[in-house]
Amino acid sequence: MASVNTSDFRKGLKVQIDGDPYIMIECNFVKPGKGQALYKCKLRNLTKGTVLDRTYKSGDTLESADIAEIDAQYLYKDSHSFTFMDNESYEQYELSSELVDDAWKYLKEGMICKMLLHNNSPIGITPPNHVILTVEYTEPGVRGNTATNVTKPAKVDTGAEILVPNFVETGEKIKVDTRTGEYIERVKE
(Lines of atoms letter the chains of each structure in order from A and count residues from 1; the text may use other names and numbers.)
(Lines give C-alpha, C1' and ligand atoms only; values in the text may rest on other atoms or scores of the structure.)
Protein backbone atom coordinates (compact mmCIF):
# COMPACT_ATOMS: atom_id res chain seq x y z
CA MET A 1 0.00 0.00 0.00
CA ALA A 2 1.35 3.46 -0.89
CA SER A 3 1.86 6.00 1.85
CA VAL A 4 1.08 9.72 1.82
CA ASN A 5 3.43 12.26 3.44
CA THR A 6 2.12 15.31 5.34
CA SER A 7 3.41 17.57 2.55
CA ASP A 8 0.79 15.92 0.26
CA PHE A 9 -2.14 16.45 2.67
CA ARG A 10 -5.03 18.33 1.04
CA LYS A 11 -8.83 18.46 1.06
CA GLY A 12 -10.30 15.46 -0.81
CA LEU A 13 -7.35 13.11 -0.12
CA LYS A 14 -8.48 9.53 0.56
CA VAL A 15 -6.49 7.71 3.25
CA GLN A 16 -6.80 4.58 5.37
CA ILE A 17 -6.75 4.66 9.18
CA ASP A 18 -7.10 1.41 11.18
CA GLY A 19 -8.32 -0.38 8.04
CA ASP A 20 -11.17 2.08 7.35
CA PRO A 21 -11.25 4.48 4.37
CA TYR A 22 -11.39 8.21 5.19
CA ILE A 23 -11.59 11.37 3.11
CA MET A 24 -9.83 14.54 4.28
CA ILE A 25 -12.51 17.22 4.53
CA GLU A 26 -10.26 19.88 6.07
CA CYS A 27 -6.50 20.29 6.49
CA ASN A 28 -4.82 23.31 8.12
CA PHE A 29 -1.08 23.92 8.29
CA VAL A 30 0.03 25.39 11.65
CA LYS A 31 3.58 26.67 12.30
CA PRO A 32 4.03 27.42 16.00
CA GLY A 33 6.79 29.79 17.18
CA LYS A 34 9.04 26.90 18.15
CA GLY A 35 8.99 23.25 17.31
CA GLN A 36 7.73 21.26 14.37
CA ALA A 37 5.04 22.31 11.92
CA LEU A 38 1.64 20.70 12.53
CA TYR A 39 -1.19 19.60 10.23
CA LYS A 40 -4.63 19.77 11.86
CA CYS A 41 -6.96 17.55 9.84
CA LYS A 42 -10.65 16.60 9.83
CA LEU A 43 -11.32 13.21 8.26
CA ARG A 44 -14.72 11.64 7.45
CA ASN A 45 -15.10 7.86 7.52
CA LEU A 46 -16.41 6.83 4.08
CA THR A 47 -18.28 3.78 5.39
CA LYS A 48 -19.72 5.07 8.69
CA GLY A 49 -19.89 8.84 8.10
CA THR A 50 -18.17 9.67 11.42
CA VAL A 51 -15.67 12.55 11.59
CA LEU A 52 -12.22 12.42 13.23
CA ASP A 53 -10.04 15.35 14.29
CA ARG A 54 -6.35 14.46 14.09
CA THR A 55 -3.11 16.41 14.35
CA TYR A 56 0.00 15.21 12.49
CA LYS A 57 3.59 16.41 12.80
CA SER A 58 5.57 17.40 9.75
CA GLY A 59 7.07 14.21 8.26
CA ASP A 60 4.29 11.84 9.44
CA THR A 61 2.76 9.49 6.88
CA LEU A 62 -0.64 7.87 6.36
CA GLU A 63 -1.58 4.89 4.22
CA SER A 64 -3.44 5.82 1.03
CA ALA A 65 -6.84 4.17 0.74
CA ASP A 66 -7.59 1.68 -2.01
CA ILE A 67 -10.58 3.67 -3.29
CA ALA A 68 -11.80 3.53 -6.87
CA GLU A 69 -14.63 5.50 -8.45
CA ILE A 70 -16.44 3.78 -11.32
CA ASP A 71 -19.43 4.50 -13.53
CA ALA A 72 -22.26 2.14 -12.62
CA GLN A 73 -25.71 1.78 -14.14
CA TYR A 74 -28.69 1.48 -11.80
CA LEU A 75 -30.58 -1.68 -12.76
CA TYR A 76 -33.35 -2.33 -10.20
CA LYS A 77 -34.42 -2.40 -6.54
CA ASP A 78 -35.70 -5.47 -4.74
CA SER A 79 -37.11 -5.67 -1.20
CA HIS A 80 -33.84 -4.94 0.64
CA SER A 81 -31.14 -3.88 -1.87
CA PHE A 82 -30.35 -1.86 -4.98
CA THR A 83 -28.52 -3.51 -7.91
CA PHE A 84 -25.95 -1.66 -10.05
CA MET A 85 -23.74 -2.81 -12.94
CA ASP A 86 -20.17 -1.69 -13.68
CA ASN A 87 -20.27 -0.19 -17.19
CA GLU A 88 -16.85 -1.60 -18.15
CA SER A 89 -16.65 -5.08 -16.59
CA TYR A 90 -20.46 -5.69 -16.47
CA GLU A 91 -20.00 -6.93 -12.89
CA GLN A 92 -23.09 -6.45 -10.73
CA TYR A 93 -23.06 -4.96 -7.22
CA GLU A 94 -25.83 -5.06 -4.63
CA LEU A 95 -25.96 -2.14 -2.24
CA SER A 96 -28.03 -2.12 0.94
CA SER A 97 -30.52 0.67 1.63
CA GLU A 98 -28.10 2.08 4.25
CA LEU A 99 -25.32 2.47 1.65
CA VAL A 100 -27.62 4.06 -0.92
CA ASP A 101 -29.00 6.39 1.80
CA ASP A 102 -31.06 9.31 0.38
CA ALA A 103 -29.82 8.76 -3.20
CA TRP A 104 -32.81 6.39 -3.75
CA LYS A 105 -35.01 9.46 -4.20
CA TYR A 106 -33.34 10.20 -7.54
CA LEU A 107 -32.59 6.73 -8.95
CA LYS A 108 -34.30 5.73 -12.18
CA GLU A 109 -33.65 2.46 -14.03
CA GLY A 110 -30.80 2.78 -16.54
CA MET A 111 -29.33 5.88 -14.85
CA ILE A 112 -25.51 6.15 -14.74
CA CYS A 113 -24.16 6.90 -11.24
CA LYS A 114 -20.70 7.17 -9.63
CA MET A 115 -19.90 4.26 -7.29
CA LEU A 116 -17.12 4.28 -4.70
CA LEU A 117 -15.33 0.96 -4.20
CA HIS A 118 -13.03 0.14 -1.26
CA ASN A 119 -11.02 -3.04 -1.83
CA ASN A 120 -13.46 -3.83 -4.68
CA SER A 121 -16.50 -3.63 -2.36
CA PRO A 122 -19.08 -0.86 -2.87
CA ILE A 123 -19.24 1.73 -0.07
CA GLY A 124 -21.38 4.44 -1.64
CA ILE A 125 -23.24 5.75 -4.65
CA THR A 126 -23.61 9.27 -6.05
CA PRO A 127 -26.37 10.02 -8.58
CA PRO A 128 -25.82 12.66 -11.30
CA ASN A 129 -25.97 16.27 -10.00
CA HIS A 130 -29.24 16.93 -11.88
CA VAL A 131 -32.03 14.49 -12.72
CA ILE A 132 -35.33 14.81 -14.54
CA LEU A 133 -38.30 13.32 -12.69
CA THR A 134 -42.01 13.10 -13.51
CA VAL A 135 -44.54 14.50 -11.04
CA GLU A 136 -47.00 11.66 -10.31
CA TYR A 137 -49.21 13.62 -7.93
CA THR A 138 -49.43 17.08 -6.48
CA GLU A 139 -52.33 19.17 -5.18
CA PRO A 140 -53.68 21.65 -7.74
CA GLY A 141 -52.27 25.15 -7.35
CA VAL A 142 -54.48 27.74 -5.65
CA ARG A 143 -55.57 30.44 -8.15
CA GLY A 144 -54.52 33.93 -7.23
CA ASN A 145 -51.73 32.72 -4.98
CA THR A 146 -48.85 34.19 -7.02
CA ALA A 147 -46.32 34.84 -4.28
CA THR A 148 -42.91 33.94 -5.67
CA ASN A 149 -41.81 31.42 -3.06
CA VAL A 150 -44.99 29.40 -2.40
CA THR A 151 -44.19 25.66 -2.54
CA LYS A 152 -46.16 22.45 -2.21
CA PRO A 153 -45.15 18.76 -1.92
CA ALA A 154 -45.12 16.66 -5.09
CA LYS A 155 -44.76 12.88 -5.33
CA VAL A 156 -42.40 11.95 -8.19
CA ASP A 157 -41.97 8.72 -10.19
CA THR A 158 -39.17 7.44 -7.90
CA GLY A 159 -41.51 7.51 -4.88
CA ALA A 160 -39.85 10.52 -3.27
CA GLU A 161 -41.59 13.72 -2.22
CA ILE A 162 -40.06 17.00 -3.40
CA LEU A 163 -41.14 20.58 -2.74
CA VAL A 164 -42.11 22.32 -5.99
CA PRO A 165 -43.47 25.78 -6.82
CA ASN A 166 -47.24 26.27 -6.76
CA PHE A 167 -47.54 26.33 -10.59
CA VAL A 168 -46.17 22.77 -11.14
CA GLU A 169 -48.92 20.27 -12.00
CA THR A 170 -49.34 16.47 -12.04
CA GLY A 171 -47.74 14.87 -15.12
CA GLU A 172 -45.09 17.56 -15.66
CA LYS A 173 -41.37 16.79 -15.75
CA ILE A 174 -39.09 18.67 -13.38
CA LYS A 175 -35.33 19.01 -13.00
CA VAL A 176 -34.02 18.41 -9.44
CA ASP A 177 -30.58 19.05 -7.91
CA THR A 178 -29.61 15.74 -6.22
CA ARG A 179 -27.06 17.41 -3.91
CA THR A 180 -29.69 19.60 -2.21
CA GLY A 181 -32.96 17.87 -3.17
CA GLU A 182 -34.29 21.18 -4.50
CA TYR A 183 -36.48 21.86 -7.53
CA ILE A 184 -34.60 23.69 -10.33
CA GLU A 185 -37.03 24.09 -13.24
CA ARG A 186 -39.82 22.56 -15.31
CA VAL A 187 -38.64 20.57 -18.32
CA LYS A 188 -40.48 20.81 -21.64
CA GLU A 189 -40.34 17.77 -23.94
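When the sequence shown is numbered by our numbering, its final residue is 257 and no position is left out of the sequence of numbers. The beta carbon of each residue, even a glycine, is placed where N, CA and C say it ideally should be. This structure is a prediction, so every number in the text was calculated from the model and none was measured.
Under 8 Å between C-beta atoms of residue i and residue j
i, j, result
"Asn-187", "Gly-209", "no"
"Lys-243", "Ile-230", "no"
"Thr-123", "Pro-196", "no"
"Phe-150", "Leu-185", "no"
"Val-232", "Thr-206", "yes"
"Pro-89", "Leu-114", "yes"
"Thr-194", "Lys-241", "no"
"Cys-95", "Arg-78", "yes"
"Ala-228", "Lys-173", "yes"
"Glu-106", "Val-98", "Before going further, note that residue 106 is Leu rather than Glu in the sequence given. In this structure, Val-98 lies closer than 8 Å to Leu-106 by Cβ."
"Gln-104", "Ser-126", "yes"
Residue from the options with nearest C-alpha to residue i
i, options, result
"Asn-217", "Glu-204, Val-236 and Leu-106", "Val-236"
"Ser-164", "Phe-152, Val-199, Asp-128 and Leu-130", "Phe-152"
"Glu-162", "Glu-156, Gln-141 and Tyr-174", "Gln-141"
"Asp-154", "His-148, Ala-136 and Ile-93", "Ala-136"
"Ile-200", "Glu-250, Lys-99 and Leu-106", "Glu-250"
"Gly-283", "Ala-133, Leu-106 and Ser-157", "No answer is possible for residue 283: the residues shown for the chain start at 69 and end at 257."
"Asp-139", "Glu-159, His-148 and Leu-106", "Glu-159"
"Leu-143", "Ser-126, Ile-180, Lys-116 and Glu-156", "Ile-180"
"Glu-166", "Gly-117, Lys-125 and Gly-239", "Gly-117"
"Lys-145", "Glu-177, Gly-101 and Ser-157", "Glu-177"
"Asp-76", "Gly-87, Met-92 and Asp-86", "Met-92"
Rounded Cβ spacing between residue i and residue j (contact assumed at less than 8 Å)
i, j, result
"Lys-110", "Asp-121", "6 Å"
"Asp-170", "Glu-204", "The pair is not a contact, with the Cβ atoms about 19 Å apart (cut-off 8 Å)."
Buried/exposed call for residue i, threshold 16 Cβ in 10 Å
i, result
"Val-255", "exposed"
"Thr-219", "exposed"
"Thr-74", "buried"
"Pro-190", "buried"
"Lys-82", "buried"
"Gln-84", "buried"
"Gly-192", "buried"
Entirely enclosed alpha helix (DSSP H) segments - the region 133-193, minimum 4 residues
165-168
Where are the alpha helix (DSSP H) runs, 4 residues long or more, that stay fully inside the region 211-249, in chain order?
none
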